[in-house]
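A.B. asks: As numbered in the working numbering, residues 5 to 214 make up the sequence shown, in order. Backbone N, C-alpha and C define an ideal beta-carbon position, used for all residues, glycine too.
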Amino acid sequence: MNPKSPQSQKMRMQTKIKTKGLENRRQQHHPQLAPATSTPTQFNFYHQNPPKPPYSLYPVGSQVEVTSDEDGFRGAWFVATVIHPPSSFETPASESSSSSLFVEYKNLLAEENGCALLKEFVDVAFVRPKPPVDEEKDISFEVNDVVDAFFQDGWWTGVVTEVVERNSRYKVFFSNPPEELEFGSSDLRVHKNWVDGKWVRPEKEVWMLL
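#1: Could you check the C-alpha separation between T165 and V147 for me, to the nearest Å?
#2: Can you say whether P135 is buried or exposed, counting buried as having 16 or more other CB atoms within 10 angstroms of its CB?
#3: Verify whether the separation of the beta carbon atoms of R193 and D152 is less than 9 Å.
#4: Please state if the CB of S72 and the CB of P133 are separated by a distance shorter than 9 Å.
#5: Checking 9 Å against the spacing of the C-beta atoms, do V163 and E209 come in under that value?
#6: Go through its chain and collect everything with a Cβ distance to S103's Cβ below 8 Å, but skip five positions before and after it.
#7: Could you tell me the boundaries of the beta strand (DSSP E) in which P133 lies?
#8: Out of I143, K196, W203, G158, point me to the one whose CA is closest to R170's CA.
#9: In this structure, does DSSP put D149 in helix, strand or coil?
#10: Might you give, ordered along the chain, the residues of its own chain that have their beta carbon closer than 7 Å to the beta carbon of L122, omitting 5 neighbours on each side?
#11: Can you pull the DSSP bridge partners for E209?
#12: So the candidates are F106, C119, F145; which of them puts its Cα closest to the Cα of V68?
#13: Name the DSSP beta bridge partners of N197, please?
#14: For F145 and F187, what's the separation of their Cα atoms in angstroms?
#15: Between K196, Q156, S179, which lies nearest to E116 when the distance is taken from Cα to Cα?
#16: Could you have a look at P90 and say whether DSSP puts it in helix, strand or coil?
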């Protein structure tokens, strides 16, 4: 997938290949901070209601999506699979075994120039099931529809601002960081929030571009 403006994607949206530094910083996240509007609803839900053991929610082999509260990653969802940690892999002291899962990402690499997929412990508050595939093959989006766009190895939440070509190409605005890019319909999906164990489609949103 090639957004219409390659130059713009270099300006603000950083590469989404996670590094060890990002993995370490994630362990220091502050769950008491209110998430941005594009972060998952279950973040508050899990911290207000003691969750079940993470592996009972997401057994080994489950296809999931993982997000983060790190700057530059909020609102992005990365596809992963829940796996068993190897016997030689110790749980970090800052990660509680009662609230973390060990996952392997589908598209993220452990090293920028490497080929091994990233594996890490993640807090279950940042995990959700993989959304169901849209039943309609050719989905037509309208202006102000909230969508997910596949960009730099993850699904980013944005709002359709222009129908460039019906059933084919759309311009999408992202709020974090502010950016507008063009996508083909094959790289877009209907945005859904995982709320109390159900998928909920949000209302349309209106963005004023300055």
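C.D. replies: This is what the structure holds:
#1: Locating residue 165 in the sequence shown gives position 161, where the first residue counts as 1. Locating residue 147 in the sequence shown gives position 143, where the first residue counts as 1. Roughly 5 Å separates the two Cα atoms.
#2: Within the sequence shown, numbered from 1, the residue matching residue 135 stands at position 131. Looking at its Cβ environment, which holds 16 or more other Cβ atoms inside 10 Å, P135 is buried.
#3: Reading the sequence shown from its first residue, position 189 is the one you call residue 193. Reading the sequence shown from its first residue, position 148 is the one you call residue 152. For R193 and D152, yes; Cβs fall inside 9 Å.
#4: On the sequence shown, position 129 is the one that residue 133 refers to. On the sequence shown, position 68 is the one that residue 72 refers to. No, the pair does not count as a contact, with Cβ atoms beyond the cut-off.
#5: Reading the sequence shown from its first residue, position 159 is the one you call residue 163. Reading the sequence shown from its first residue, position 205 is the one you call residue 209. Yes.
#6: Translated into the one-based positions of the sequence shown, residue 103 becomes position 99. Excluding residues within five positions, the ones whose Cβ falls inside 8 Å are P55, P58, D127, V128, A129.
#7: On the sequence shown, position 129 is the one that residue 133 refers to. Note, P133: beta strand (DSSP E), 131–133.
#8: Within the sequence shown, residue 170 is the residue found at index 166, counting from 1. The shortest Cα separation from R170 among I143, K196, W203, G158 belongs to I143.
#9: Along the sequence shown, read from residue 1 onward, the residue named residue 149 stands at position 145. Three-state DSSP puts D149 in coil, outside helix and strand.
#10: Within the sequence shown, residue 122 is the residue found at index 118, counting from 1. Cβ neighbours of L122 beyond the five flanking positions: K22, Y109, L112, L113, A114.
#11: Numbered from its first residue, the sequence shown carries residue 209 at position 205. E209 is not bridged to any residue.
#12: Here residue 68 refers to the residue found at position 64 when the sequence shown is read from its first residue. With distances taken between Cα atoms, V68 lies closest to F106.
#13: Start at 1 with the first residue of the sequence shown, and residue 197 comes out as number 193. Answer is V204.
#14: Indexing the sequence shown from 1 puts residue 145 at position 141. Indexing the sequence shown from 1 puts residue 187 at position 183. Going from the Cα of F145 to the Cα of F187 covers about 12 Å.
#15: Counting from 1 along the sequence shown, the entry for residue 116 is found at position 112. Answer by Cα proximity: Q156.
#16: In the sequence shown, residue 90 corresponds to position 86, counting from 1. Of the three classes helix, strand and coil, the one that applies to P90 here is coil, per DSSP.
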